Structures are given as C-alpha cells and as structure tokens.
Amino acid sequence: MTETAYRPYAPLMVLKPFGDDVWIVDGPEIRMDWLFTSIPFPTRMTIVRLPDGGLWVHSPTGNDAALMDAVAALAPVRFLIAPNSIHYWWVPDWKERFPEAEVFAVPGRAETAKRPLPEHRVLRDAAPSEWSGAIDQVLVPGSVVTEADFLHRASRTLILTDLIENFEPKRVKSRWLRMAMRLSGPLDPDGKMPIDLRLTFRRHKAEVRRAVRTMLDWRPERIILAHGRCYTKNGTAEFRRAVRWAL
4 MTETAYRPYA
14 PLMVLKPFGD
24 DVWIVDGPEI
34 RMDWLFTSIP
44 FPTRMTIVRL
54 PDGGLWVHSP
64 TGNDAALMDA
74 VAALAPVRFL
84 IAPNSIHYWW
94 VPDWKERFPE
104 AEVFAVPGRA
114 ETAKRPLPEH
124 RVLRDAAPSE
134 WSGAIDQVLV
144 PGSVVTEADF
154 LHRASRTLIL
164 TDLIENFEPK
174 RVKSRWLRMA
184 MRLSGPLDPD
194 GKMPIDLRLT
204 FRRHKAEVRR
214 AVRTMLDWRP
224 ERIILAHGRC
234 YTKNGTAEFR
244 RAVRWAL
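Numbering (this note's numbering), first residue to last: 4 to 250.
Dropping the structure here:
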C-alpha cells in the first residue's frame with residue numbers, strides 16, 4: 004500500500020450527511036504537478052439534492068463503483084460540475100456511469116484539460132435556470148485557475164474548491180510539508196489559498212474582490228472545502244478571515 008501524506012477523513016468513498024439535502028464524500032489522495040515535483044492533496048466532493056429530487060454533483064472524486072451505486076440509490080444524478088480549472092479529472096468516469104447527467108465546467112477548461120471532457124455547458128457568473136432557485140453561483144476568474152463557487156440556499160452552505168484550503172496540522176504527516184503550508188498559508192486554523200496561487204489572481208484583482216464580496220453578502224453559515232477541514236459554524240466570519248487578501 005502506498006504511504007499517504009495525510010491522515011484521511013475516514014471512511015473514504017462513502018456518503019456523509021453535511022446538512023439537509025447536502026452530502027460530502029472524502030476521496031482518495033492525489034498528487035498535483037508543481038514545478039519539478041508534485042504535491043499531495045486529499046480530495047472531497049459535494050452532492051446536493053435539488054428541490055425536484057435530482058442530484059447536483061460537485062467535483063466528482065474517484066472512479067468507485069460502490070460509491071456510484073450508493074449515489075444512484077439516493078436519487079437521479081442530473082448535473083456533474085467541474086468547478087475549477089483543476090477539479091475535473093473524474094468527470095468523464097461519472098458521465099460514463101450517469102450518461103443522462105449534464106456536465107458543466109468553468110470557462111476554458113475544455114481547451115486545456117489533460118483529459119478530454121465530455122460535451123458540456125460553461126459555468127458563468129450566474130446560476131443557470133436548472134438550479135438558480137436552489138443554488139447561487141459566482142465566477143472567480145484567474146490567470147491560472149478559474150473557479151465557480153456556490154451557495155446552497157436552504158442550508159446556507161458555501162461550496163468552494165481551492166479558494167480556501169485548510170489543512171489540519173495533526174493530519175499532515177511530514178513536518179516539512181507542515182512547515183511549507185505554514186509559510187504559504189493553507190494551514191488550519193488560519194487556512195487560506197496558498198500564496199503562490201493567490202499571486203496568480205493579481206491581474207484579476209477587481210473581479211476577484213467583486214466575487215468575494217458577493218459571497219460575503221450571501222452570509223454563509225457553513226463552508227465545504229475540497230481540501231482540509233470544513234467549517235460547520237461561523238461561516239461568514241471564517242470566509243472573511245480566509246479571503247482577506249482579496250478585499
């Protein structure tokens with residue numbers, strides 16, 4: 004068995020209720036290429052049941068038959084969301100399992116994806132009619148990463164990808180990795196976007212500030228993150244703290 008860099012949020016690849024009609028799934032650890040090395044990341048997907056009963060699947064993680072069967076038993080999968088320029092890899096596997104689901108991805112993803120995306124619609128700065136009554140949406144444009152962020156209205160849950168990362172020191176096995184995270188920013192209890200990624204948004208400062216202010220106006224109570232500890236309370240305060248670099 005390959006040694007992992009993090010102590011996992013076990014059990015993995017199972018549905019975990021996060022609120023009414025909201026579930027998370029903690030997935031496998033992945034490695035992302037960076038300069039001349041690669042960096043390990045835990046993964047997490049989010050599932051929302053829409054008012055019509057269909058499922059909205061954010062950042063699908065892993066090609067796992069048992070998990071897909073459990074999701075299929077929950078309700079019909081209507082939408083598969085590739086929410087930023089990095090989080091798209093398993094969308095083709097989920098589309099194969101759920102061919103009736105419609106795929107959405109951030110602008111430009113099809114042109115730069117290392118794995119071809121299925122036919123899809125582009126996520127814009129406002130939610131499409133298919134979920135606009137239940138989920139709000141805003142686009143955070145960047146030079147390297149563009150991200151669509153969401154608010155599930157009924158539960159006041161903000162659903163992010165890489166806009167905030169929040170790794171718990173006790174779960175990071177390597178002291179060198181903990182030190183790097185402490186220096187770059189994404190370490191709990193003051194988790195935020197790593198500084199190298201933050202710098203790539205400099206050319207879009209006004210648009211990022213506008214998007215951040217939109218999310219503050221949503222006044223979320225809880226926040227789901229793709230990487231690290233989620234926030235189950237004080238969501239607006241935690242969000243303001245973590246994105247202070249953009250205000």
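Don't be surprised by glycine CBs; every beta carbon is placed ideally from N, CA and C. Since the structure is predicted, the reported quantities are computational estimates derived from the model, not experimental observations.
Valine 148 and isoleucine 89 do touch by the CB rule: their CB atoms are close to 6 Å apart, below 8 Å. As computed with DSSP, valine 80 is found in a beta bridge with Leu58. In this chain, the beta strand (DSSP E) harbouring phenylalanine 21 covers 19-22. Taking a cut-off of 8 Å on C-beta distances, the stretch 72-81 does not touch the stretch 142-158, as fewer than three cross pairs fall below it. Pairwise C-beta distances place the stretch 91-102 out of contact with the stretch 151-160, as fewer than three of them are shorter than 8 Å. For threonine 160, the enclosing beta strand (DSSP E) stretches over residues 160-162. Around the beta-carbon of alanine 229, 16 or more other beta-carbon atoms lie within 10 Å, marking it buried. Straight-line measurement puts the Cα of glycine 231 at about 14 Å from the Cα of glutamate 241.
Contact check between the stretch 122-130 and the stretch 12-27: fewer than three CB pairs, one atom from each, fall below 8 Å, which does not count as touching. A distance below 6 Å between beta-carbons, with the five flanking residues on each side excluded, links phenylalanine 101 to the following residues of its chain, in chain order: Val80. For histidine 207, the secondary structure class from DSSP, reduced to helix, strand or coil, is helix.
Going by beta carbons, arginine 47 and valine 28 fall inside the 8 Å limit.
CA-CA distance, arginine 185 to proline 11, rounds to 20 Å. Tyrosine 9 is positioned such that its CB atom lies no closer than 8 Å to that of proline 31.
By the C-beta criterion, the stretch 191-208 is judged not to be in contact with the stretch 133-141, since fewer than 3 inter-stretch pairs fall below 8 Å.
When secondary structure is reduced to three states using DSSP, leucine 70 falls in the helix class.
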